[in-house]
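Q: After the C-alpha cells below, expect a handful of questions from me.
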Amino acid sequence: MVSNKTKLPDTGNKALSSQSQVDAFLQRLAATPKPVPQAGRGRLIFAMDATASRQPSWDSACQIQGEMFRETAALGGLDIQLAYYRGFHEFDASPWLSDAETLLGRMTAVQCRGGQTQIDRLLHHTIAETKQRKVQALVFVGDCFEEDIDRVCQTAGALGLLGVPAFLFHEGGEPAARRAFEEIARLTKGAYCPFDASSAQQLRDLLSAVAVYAAGGYRALESYGKRKGGAALMLTSRLGRA
4 MVSNKTKLPD
14 TGNKALSSQS
24 QVDAFLQRLA
34 ATPKPVPQAG
44 RGRLIFAMDA
54 TASRQPSWDS
64 ACQIQGEMFR
74 ETAALGGLDI
84 QLAYYRGFHE
94 FDASPWLSDA
104 ETLLGRMTAV
114 QCRGGQTQID
124 RLLHHTIAET
134 KQRKVQALVF
144 VGDCFEEDID
154 RVCQTAGALG
164 LLGVPAFLFH
174 EGGEPAARRA
184 FEEIARLTKG
194 AYCPFDASSA
204 QQLRDLLSAV
214 AVYAAGGYRA
224 LESYGKRKGG
234 AALMLTSRLG
244 RA
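The sequence shown: position 215 = 218 (our numbering), numbered continuously.
Here is the structure:
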C-alpha cells in the first residue's frame, strides 16, 4: 500500500501549479536525508523514458536540464549522467558529464522509439553506480509504468538502503504509473511530483533546486531559494524546519 506521506491530492491532470501539489512535493523533499558532504563534485543521474509516447516532451526536457548545470556551477559543479531507455530492451547511460552543452548534445541526438518501460533496470544501474562512487540523487522523468511492481519495489528498497533518493516527475497522470512512482519515492526516501506542459517553469525550478541540494546541501539551497523565490524558497523554508 502506498504511504500517505508520498501520495499527492487526487487532482487528475491539473497542472503542477496547484499549490497543494507543490507543497506535497516539497514536504517529501524536506524529509529526504541531507547529502553527506564529500570532496569533489556532487553526482546526479538524470534519467528519462525515451519510448515513443515521450517524443513531444523531449525537446522541453533538453532545455530544462541546462538549468541544473548553471545553478550548481558556483558550488564547485555537479556531474550529471544521462540515462534513458527505449525500443526493445535498449538502455543507455552516458559517461559522467560536467557541462550543459555536452549533455544537451547527447540529448538532442536521441530519437524516442516504441517500447516498454525499464525502470527496474534503471534502478539496478543506479545501485551499481553508487557502489562505485556515491550518487547524491536520481531524477526520473516519465509517463507510464509497465513492469512487475513487486520486483521494482524490491530494487527501489535496495537503492534506498544505499541512501540514494529518487525524485520522480510524472507527466500525464496515468494511475498505474502514479501508484508505482509514489511507491518508489517512498522506498528511496525521495519524492514524487506530477507535471504537465503548462507547468514547465515550475518543473525547471524544482529540478534546479534538487540539483543545487545534491551539489551543495542546505546552505547552497538556502542561497538559491532567496535568489529565485517561488517553489525553491518554499523548499528552503521546509528544509530549515526539518
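For every residue, glycine included, the Cβ atom is placed at its ideal position computed from N, Cα and C. This structure is a prediction, so every number in the text was calculated from the model and none was measured.
May I ask you to report which of helix, strand or coil DSSP gives G220?
A: DSSP places G220 in helix when its eight states are reduced to three.
Q: Over what stretch of residues does the alpha helix (DSSP H) that includes A106 continue unbroken?
A: According to the sequence shown, residue 106 is Leu rather than Ala. Where L106 is concerned, the enclosing alpha helix (DSSP H) stretches over A103 to T111.
Q: Ignore the nearest five residues each way along the sequence and tell me which others in P40's own chain have a CB closer than 8 Å to its CB.
A: Caution is warranted here: a pLDDT of 46 is assigned to P40, below 50, making its placement in the model unreliable, and no coordinate value can be reported.
Q: Let me know the secondary structure DSSP gives H173 once reduced to three states.
A: Three-state result, H173: strand.
Q: Output the boundary residues of the alpha helix (DSSP H) element that contains P197.
A: That residue, P197, is in no alpha helix (DSSP H); its beta strand (DSSP E) goes A194 to F198.
Q: Where DSSP assigns a beta bridge to E93, which residues make up the other side?
A: Paired residue(s): R89.
Q: Specify the secondary structure class of V167 as computed by DSSP and reduced to three states.
A: Three-state result, V167: coil.
Q: Is it buried or exposed, F91, if we count other Cβ atoms within 10 angstroms and call 16 or more buried?
A: Exposed, by the Cβ-count rule.
Q: What do you get for I67, buried or exposed, if any count of 16 or more other CB atoms within 10 angstroms of its CB means buried?
A: The residue is buried, with at least 16 neighbouring Cβ atoms inside 10 Å.
Q: Once the 5 residues before and after T111 are set aside, which same chain residues still bring their CB inside 7 Å of it?
A: Excluding residues within five positions, the ones whose Cβ falls inside 7 Å are C65.
Q: Would you report the Cα separation of S98 and L85, rounded to the nearest angstrom?
A: Per the sequence shown, the amino acid found at residue 98 is Pro instead of Ser. The straight-line gap from Cα to Cα measures roughly 8 Å.
Q: Run the CB neighbour count on P59, radius 10 Å, all protein chains shown included, and call it buried at 16 or more, exposed below.
A: P59 comes out exposed.
Q: Can you name the residues that DSSP bridges to L141?
A: Paired residue(s): I48 and A169.
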